[in-house]
Amino acid sequence: MELTVKQIVERAEKIGVIGSPSSTANLTIDILGTAVNKRLVGGLSVFEYDQDGQEHYALGQIVEIEMRNVWTQDPTIRGLIRQRGRVDPITERQDTHTALMSISSVFQNQGGRIGQSILGTVPPTGTSIKLMSKEVMDSILRDYQDQLFYLGNAYATQIPLPMWFKHFGTGEKGAGEAYHLGIFGKTGSGKSVLAKMILSAYTKHKEMSIFILDPQGEFSKDFTKETELKKIVRQSGRRVEVYRVHDLALTGWDLFKKILVTSGFLNRLGIILDTNRWQAANQIQKILEDSCEEKERYKVLWHAHGRSFFEIVWSKLQE
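Numbering (the working numbering), first residue to last: 913 to 1231.
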């Protein structure tokens, strides 16, 4: 017989209880003596509580632990500690450890099906805090396994961290609106790798098209070689089209001249001032237009990237 979420959570290791003061933003956790030597900061925890007459399960992260010993704050005891180093049975035995827990997600049991919710009240003091495990995580999210994507393990644990990457449309697997994601970090920290993993997660949604601006050519190289990213995209049944900048047709001379000015091409020719660069861009336009018959001038932009047109411009500029 399959265990319920409640039974699995009850079996999890207890590390503390909710203390005071607590709020819906952050909970104060009184750490049990059996857990004070565990690495808890950054780890995931879970607790069960009642809200609106229904079972709720809140997942959160231990963000800080504080140790207090009111006896060692007494000036007399401090003097003894300075002389002896320890004062039994005050030091260590009278230490109390308090943690700060930040809630990340809440789920409710709706007639046997787990759904998303919010922390709309503060659970009572004494509510047991359990250490998160893979078994607990899987039991809470068992109804959503086909929607989850795992980018790696949760911080400081060996628990695969499930994430939702929903398409921007409506429906069960849709977010209903578009979201902006930002990836920040130092050079070499793995930003590109994470971006590719997120990209592979979105490829499973046939409702979405993905447009990548790739100035370094990093993603396009992955799609032209037999890489893991290409295999994942192929398994999702998606078609990938790679376009070079030369494949893009310019829509007018204004855009062409703007690219000349901002790309650094004219800078490398020694044209530094902004006004001079625009004058040079206008001159290049005139040279290209004069290089062909009037009825063919509209086609010049389609081929302006070619070597032959560059040589025409270069020879005219030297004159």
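Idealized CB from N, CA, C, for every residue including glycine.
Nearest-angstrom Cα separation, counted from residue j out to residue i
i       : j       : result
Phe1077 : Lys1118 : 13 angstroms
Gln1057 : Met1049 : 11 angstroms
Met1075 : Tyr1114 : 12 angstroms
Leu1200 : Asp1166 : 14 angstroms
Phe1061 : Pro1036 : 34 angstroms
Ser1112 : Arg1025 : 29 angstroms
Phe1131 : Ile1122 : 12 angstroms
Pro1072 : Gly1064 : 6 angstroms
Lys1228 : Leu1172 : 17 angstroms
Ile993  : Val999  : 6 angstroms
Met1081 : Ala1087 : At residue 1081 the sequence reads Gly, which differs from the Met that was named. Taking the straight line joining both Cα atoms gives about 6 angstroms.
Gly1129 : Thr1136 : 11 angstroms
Lys1103 : Gly955  : 23 angstroms
Gln1223 : Phe1177 : Reading the sequence as shown, one finds Glu at residue 1223 and not Gln. The straight-line gap from Cα to Cα measures roughly 15 angstroms.
Gly1149 : Thr1139 : 16 angstroms
Ser1213 : His1079 : The sequence given here has Leu at residue 1213, not Ser. Leu1213 and His1079: Cα-Cα distance of roughly 37 angstroms.
Lys926  : Asp964  : 25 angstroms
Asp962  : Asn938  : 18 angstroms
Val1154 : Val1018 : 41 angstroms
Arg1180 : Arg1189 : 11 angstroms
Strand pairing of residue i, partner residues [DSSP]
i       : result
Phe1019 : Tyr969 and Gln1028
Gln1060 : Position check: residue 1060 holds Leu in this sequence, whereas Gln was assumed. Leu1060 is bridged to Trp1076.
Val929  : Asp942 and Ser1040
Gly1094 : Beta-bridge pairing links Gly1094 to no other residue.
Ser1065 : Before going further, note that residue 1065 is Asn rather than Ser in the sequence given. Paired residue(s): Pro1072.
Three-state class that DSSP yields for residue i in the structure shown
i       : result
Ser1040 : strand
Asp942  : strand
Val1212 : helix
Leu1178 : helix
Met1234 : Past the edges of the chain, shown from 913 to 1231, lies residue 1234, and the structure says nothing about it.
Val1034 : coil
The region 1027 to 1047 in contact with the region 980 to 998 per 3-pair CB rule at 8 angstroms: no
Beta strand (DSSP E) runs contained entirely in the region 944 to 1018, provided each spans 3 or more residues: Correct list: 956 to 963 and 966 to 980.
Any 3 or more C-beta pairs closer than 8 angstroms across the region 1087 to 1100 and the region 973 to 980: no
Contact the region 1144 to 1152 vs the region 1172 to 1184: 3+ CB pairs below 8 angstroms: no
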